[in-house]
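In this note's numbering, the protein residues as written are 17 to 166.
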Amino acid sequence: MLGQIYHVGLTVSNLEKSIAFYRDILKLEYKGQILMQGPSTSKLFNRENCIAKVAYLNGSKELNMPPIELIEFVDTNISEKESDLFRTSISEVCFYTDDIHKFYEHLQKHNVECLSPPQFFDFTQDGFSKSYAFYFKDIDGIILEVMQNV
Numbered sequence: 017m018l019g020q021i022y023h024v025g026l027t028v029s030n031l032e033k034s035i036a037f038y039r040d041i042l043k044l045e046y047k048g049q050i051l052m053q054g055p056s057t058s059k060l061f062n063r064e065n066c067i068a069k070v071a072y073l074n075g076s077k078e079l080n081m082p083p084i085e086l087i088e089f090v091d092t093n094i095s096e097k098e099s100d101l102f103r104t105s106i107s108e109v110c111f112y113t114d115d116i117h118k119f120y121e122h123l124q125k126h127n128v129e130c131l132s133p134p135q136f137f138d139f140t141q142d143g144f145s146k147s148y149a150f151y152f153k154d155i156d157g158i159i160l161e162v163m164q165n166v
């Protein structure tokens with residue numbers, strides 16, 4: 017009944033600052049933004065008089081790659097909890113790169129908090145590949161991952 021993932025939504029505290037991070041630092045392509053409001057929006061989010069500013073960015077021209085959806089709720093108190101890989105929720109969004117070490121250096125130059133440098137994994141004995149991966153945080157502390165198969 018379900019097809020491909022349509023998008024991955026992240027609630028952010030400031031849409032313009034988050035757009036700048038995902039566009040300028042992560043180099044995702046800005047696709048545009050919309051303003052959601054009215055009865056359907058309030059019912060969708062189950063919040064009275066809900067207004068949401070929503071932007072879309074994508075790192076791939078491929079149709080099978082879902083865009084990142086950034087959502088800022090207007091005039092709504094957002095519960096800010098520190099992202100935690102060990103809490104039941106979406107733990108991270110993972111991006112692919114062709115040069116993980118160069119990308120890590122790029123993030124370091126922009127003072128992006130990384131949880132570690134790139135780490136090597138060999139899961140060939142389990143039918144998977146060898147890869148490098150590391151986690152980092154966006155400006156709201158949302159945990160993101162980057163990975164490179166080798």
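Even glycine gets a Cβ: it sits at the ideal position worked out from N, Cα and C.
{"Item": "Segment limits, beta strand (DSSP E) that includes E88", "Value": "84–89"}
{"Item": "Length of the line joining the Cα atoms of L44 and H122", "Value": "14 Å"}
{"Item": "Same chain, Cβ closer than 6 Å to V128, neighbours up to 5 away in sequence not counted", "Value": "F152"}
{"Item": "E108 vs L160 beta-carbon contact at 8 Å", "Value": "yes"}
{"Item": "Environment of P133 [buried if 16+ CB atoms lie within 10 Å]", "Value": "exposed"}
{"Item": "According to DSSP, residues forming a beta bridge with T27", "Value": "I87"}
{"Item": "Among P82, I35, L101, nearest to K69 - alpha-carbon criterion", "Value": "I35"}
{"Item": "First through last residue of the alpha helix (DSSP H) which encompasses S147", "Value": "Run containing S147: none in the alpha helix (DSSP H); it sits in the beta strand (DSSP E), 146–153."}
{"Item": "Close beta carbons around M81, own chain, < 8 Å, minus the five adjacent residues each side", "Value": "N74, G75"}
{"Item": "Bounding residues of the beta strand (DSSP E) (the contiguous stretch that carries F136)", "Value": "135–138"}
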